[in-house]
Structures are given as structure tokens and as C-alpha cells.
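Working notes for the structure below.
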Amino acid sequence: MKLVYSDRYDLNLGSHVFPSIKYRLVKEKLLREHIAEPGDFVEPSPASDDDIALVHHREYLRKLQAGKLSYLEVLRLEIPYSPELVRAVWLCAGGSILAGRLALEDGVCVNVGGGFHHAYPDHGEGFCVLNDFAVAIRSLQKDRTIEQAMTVDCDVHQGNGTAAIFGGDHTVFTLSIHQMNNYPYPKPPSSLDINLRDGVGDEEYLRELAQGLDRALAEFTPDLIFYLAGADPYRDDQLGGLKLSLEGLEKRDRLVFEKASGRSIPVAVTLAGGYARQLEDTIQIHSNTIRLAKEFAK
Ligand SMILES: [Zn+2]
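In terms of the working numbering, the sequence shown opens at residue -16 and continues consecutively.
Printed below as a string of C-alpha cells:
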């Protein structure tokens, strides 16, 4: 299984609740523990402006590239603007396009980054500048590599940008399982929203997710699933209010991979959020996801 990754995925945030150094730390852990070898890593190219414009407004892209976001627009991002940030998110969108393509060849592929599901066509918010996997879906649809896609968003926060982008589009099914009483507000409707109460733990989460996946896959047959394996439903997350254990999160990953592979549907994985009090826990959760993904690759 290939792992799409670049050292330039780091969003250059300095000390911030979003540990954007995590991408490099995940890579190092995978190598150290022989879960991956150096040759498994593939460096992406940045997405083209034309591909990104399949999702985002050209005016927004121009403002990002020229450093012309307003004060309020930067405030809404909740991360500092920098040219490195812009380079990172273009690269990461290219990484999700590549991960989608490689998943179609190998059954599973992981972009060791991405999952920026709060980005809307005309603005970014909640640490998300460009909706990388929405760009990937549109790009793969444009060149007729796929017709239909599903997003399975297991970040603790609802996928508002994704829901807004694909709302009313019958070629993309959006599933989001998240904590109801948490950012974002409002939550535009996904194809299927699973709203969880505060403090839900492994058992209830896994039951709800299994039912949701069964329901989604009974009514919709995607050519490709984008799985947002957020680490923030973890019980020790600073921005999440669910109570999943490390084992519960592994079972979650396995559930998604099993439901997809049982129907021979390729899965492209992105990492999404993760703000555990101990950074090692976030790195462990992402690394577990990648170890499990490998079991399901051809
Ligand atoms: Zn999140």
C-alpha cells in the first residue's frame, strides 16, 4: 500500500491546538515501527487551480494566493495565514487526488494528511482552507475515473463544508457521524448525519456507525469511498466530547474497511482532526488507522 505524504504538508502553525507537525511524526512512527518502508511513501504534486476550482470559487483562490484574505476571513480559519499554509493545502489537495487514484489500483490508499472538511466553496473555517477530498472527488469525476463517491466522515465534528459542497448532488453520498453539541454551527445536512450525544463511548458509537454504513451502502453504490479517519472522537481530545478508547477507534477503522471491502469498494483515507492532550495519542491513533488500512490493501 502506498502512502501519500510530503514534508511540506506541515501547515506552519507554530504552537497551536492543531499540531500540524503530526504528519511528519506519523511518518516517522510508521518507519520506526516497520509499519511502512521508505519506498512506500509517494510525494504528491500540488493540485492544479483548475481542479481546485471544481469545488472552490476562483475569487477565493485568488485571495489565498495573493495573501488578500480579510481580517474576518483569517479569523474564521482559526489558523494563521502564511504562504507556507497556502502551499501546504494545494499540495494536500493534490495528495488526496493521488490517494483516490491509488486506492482504485490497490484497494486502499492513505493520504497522510488532509480531511479538511470544514472548507466551503467560498471560504475556509475551522482550520480548513481547501476541501481536499471534495477536490479529489470532483477531479476524478471530471476525467471519468469514477462516477459516484461516498464520504464517510468519522471526525468528531460534522462535515459542514462537505455537506454544503455536495448537497443536492446525487453522485456523491455524504455520511457524517459526529458529536451533535459541538462545532460547527450550523450543520448543513449531509446525505446521512448521525448526531451523537455528548460522552458517547465505543459500544454505542460502533453500533451507530455500523447501522449508518449499512443504510448508506444499501441505498448508494460508490466507486470510491473517502474515509475521514479523524482522531478527535478520542476520549482525551481537547476539542471533542465523545469518549472513544484507542481500541474503539481501531474497531471503528476496521468496521469502515470491512464494510467497504465486503462490497469491493476502494477506500482512500485522510487523517482529519486530532487534538489529544498527549500528542503521542493522536500520532498513535493515526498510525493505527494506517496499520489497519494495510491489511485491506491488495
Ligand atoms: Zn474535528
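All C-beta atoms, glycine included, are put in the ideal place defined by N, C-alpha and C.
Say yes only if the C-beta of residue i is nearer than 6 Å to one or more non-hydrogen atoms of ligand 1, and no if none qualify.
i: residue 140; result: yes
i: residue 136; result: no
i: residue 213; result: yes
i: residue 256; result: yes
Between residue i and the rest of its own chain, which residues show a CB-CB distance below 8 Å, the 5 nearest in sequence each way excluded?
i: residue 218; result: 184, 225, 226, 227, 228
i: residue 172; result: 146, 150
i: residue 9; result: 95, 254, 266, 269, 270, 273
i: residue 142; result: 100, 101, 134, 136, 157, 159, 161, 173, 211
i: residue 0; result: 221, 222, 258
i: residue 29; result: 70, 73, 74, 76, 77
Measuring CA to CA, which of the options is closest to residue i?
i: residue 24; options: 164, 259, 168, 93; result: 93
i: residue 202; options: 155, 77, 128; result: 155
i: residue 272; options: 236, 257, 281, 259; result: 236
i: residue 32; options: 119, -8, 164, 90; result: 119
i: residue 241; options: 114, 18, 189; result: 189
i: residue 160; options: 166, 169, 176, 148; result: 176
i: residue 192; options: 238, -16, 68, 252; result: 238
i: residue 63; options: -2, 153, 122, 252; result: -2
i: residue 111; options: 85, 61, 67; result: 61
i: residue 19; options: -7, 7, -16; result: -16
i: residue 248; options: 11, 205, -9; result: 205
i: residue 2; options: 230, 232, 214; result: 214
i: residue 262; options: 5, -9, 84, -6; result: 5
i: residue 196; options: 245, 233, 170, 152; result: 245
i: residue 232; options: 260, 187, 194, 200; result: 187
i: residue 278; options: 89, 66, 127; result: 89
i: residue 129; options: -7, 50, 85; result: 85
i: residue -7; options: 67, 124, 153, 113; result: 67
i: residue 127; options: 138, 148, 87, 57; result: 87
i: residue 260; options: 281, 216, 46; result: 216
i: residue 97; options: 138, 59, 125, 58; result: 138
i: residue 49; options: 169, 65, 38; result: 65
i: residue 200; options: 83, 131, -9; result: 131
i: residue 47; options: 17, 107, 280; result: 107
i: residue 170; options: 57, 252, 83, 148; result: 148
i: residue 34; options: 123, 21, 153, 281; result: 123
Between residue i and the rest of its own chain, which residues show a CB-CB distance below 6 Å, the 5 nearest in sequence each way excluded?
i: residue 243; result: 208, 250
i: residue 55; result: none
i: residue -5; result: 65, 67, 68
Bridge partners of residue i, per DSSP?
i: residue 34; result: Looking at the DSSP assignment, residue 34 forms no beta bridge with any residue, so it has no partner.
i: residue 102; result: Note: residue 102 sits in no beta bridge, so no partner.
i: residue 251; result: 92, 209
i: residue 259; result: 220
i: residue -14; result: 24, 93
Keeping to the same chain, check which residues put their C-beta closer than 7 Å to that of residue i; ignore five residues upstream and five downstream.
i: residue 105; result: 40, 43
i: residue 27; result: -13, -11, 74, 77, 78, 81
i: residue 163; result: 178, 179, 180
i: residue 198; result: 175
i: residue 167; result: 101, 109, 140, 141, 143
i: residue 36; result: 44
i: residue 12; result: 266, 270
i: residue 38; result: 104, 114, 117, 118, 121, 148
i: residue 275; result: 233, 236, 237, 240
Quick check on residue i - is its C-beta less than 7 Å from some C-beta in chain C?
i: residue 170; result: Given the protein chain composition of this structure (a single chain), no chain C is represented.
Which runs of the alpha helix (DSSP H) fall wholly inside the segment 107 to 135 and span at least 4 residues, in chain order? 115 to 125
Could I get the ranges of all uninterrupted beta strand (DSSP E) runs contained in the segment 46 to 96, with 3 residues as the minimum, in chain order? 91 to 94
Which complete alpha helix (DSSP H) runs does the segment 127 to 186 hold, if anything under 4 residues is left out? 143 to 149
Let me know the alpha helix (DSSP H) ranges lying completely inside the segment 198 to 231, each 4 residues or longer, listed in chain order. none
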